[in-house]
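Under the UniProt record's numbering, the first residue of the sequence shown carries the number 1, and numbering increases by one thereafter.
Idealized CB from N, CA, C, for every residue including glycine.
Model, not experiment: these values are computed from the prediction.
Encoded as structure tokens, the structure appears first; notes follow it.
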Amino acid sequence: MERTTDSTRVGKSSRKGLNSIKGNWHNFCTAVYKDVTYKELKNLLNSKKIMLIDVRNTCEIIECGKIPGSVNIPLNEVGEALQMNPEDFKEKYNEIKPSKSDSLIFSCAAGLRSKKALDTAISLGFTRSQHYAGGWKEWSTYEHSEKKQGN
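This is the structure:
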């Protein structure tokens, strides 16, 4: 009789591959993303080829401001919002609901919540999603600096 240990069990099961694993392994995130820089985001916003979703709470946006052109969908609503039917999405957010093939960029204050929103979007099949890790804090710093320089 072959003696099995935890290490031999792990070794044998790891050789079976993903197809032998029971459960929802197919929902694991395998998409690769990269952070968007301030300059990249500014260019993308000018091209109007993306939807920028600000996942901060509405009161934060009222108090601090927002990146022009962004749509506010608080983090706790992102998963539900991306699964809404288009009519309900339009009514609630006053924007056309993005399709899974659209380019989405998530932002927040400093990158933590936008990363969570990115993970949610990718898990729902929005594979062309990215996040602006610098968030509002970085954006407002750059914008303030550019205005001072007259750009």
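Under the rule that 16 or more other beta-carbon atoms within 10 Å means buried, what is N27, buried or exposed? Unreliable placement is indicated for N27, whose pLDDT of 46 sits below 50; no coordinate value is reported for it.
Which residues does DSSP list as the beta-bridge partners of S107? Per DSSP, the beta bridge partners of S107 are D54.
What distance in whole Å lies between the Cβ atoms of L104 and S123, which are believed to be in contact at a cut-off of 8 Å? Taking the Cβ atoms as the reference, S123 lies roughly 13 Å from L104, outside the contact range of under 8 Å.
Apply the 10 Å Cβ neighbour rule to I125 and answer buried if 16 or more other Cβ atoms are within range, or exposed otherwise. A quick correction: the sequence has Gly, not Ile, at residue 125. A residue is called buried when at least 16 other Cβ atoms come within 10 angstroms of its Cβ; G125 does not meet this threshold and is exposed.
Quick one: what's got a C-beta closer than 7 Å to G69's C-beta in the same chain, skipping five residues either side? For G69, where only same-chain residues beyond five positions count, the Cβ hits under 7 Å are L45, L52.
Proximity to N57 [Cα-Cα], best of E77, E95, N43, P86: Comparing Cα-Cα distances from N57 to each of E77, E95, N43, P86, the minimum goes to E77.
Rounded Cβ spacing between K100 and K90 (contact assumed at less than 8 Å): Wrong, their Cβ atoms sit about 17 Å apart, outside the cutoff.
Taking DSSP as the reference, what is the three-state secondary structure of S47? Helix, per DSSP.
S123, enclosing alpha helix (DSSP H) - first and last residue: From DSSP, the alpha helix (DSSP H) with S123 extends over 112-123.
Just tell me which of L41, Q83, I73, I62 has its CA closest to the CA of Y93. Answer by Cα proximity: I73.
Excluding sequence positions up to five away, which residues of its chain have a Cβ less than 8 Å from the Cβ of E95? Within the same chain, E95 has close Cβ partners M51, V71, F89.
Taking 8 Å as the CB-CB limit, is R56 close to chain D? In the structure shown, chain D cannot be found, because there is only a single protein chain.
I need the straight-line Cα distance from L75 to A110, nearest angstrom please. If you take the alpha carbons of L75 and A110, they lie about 13 Å apart.
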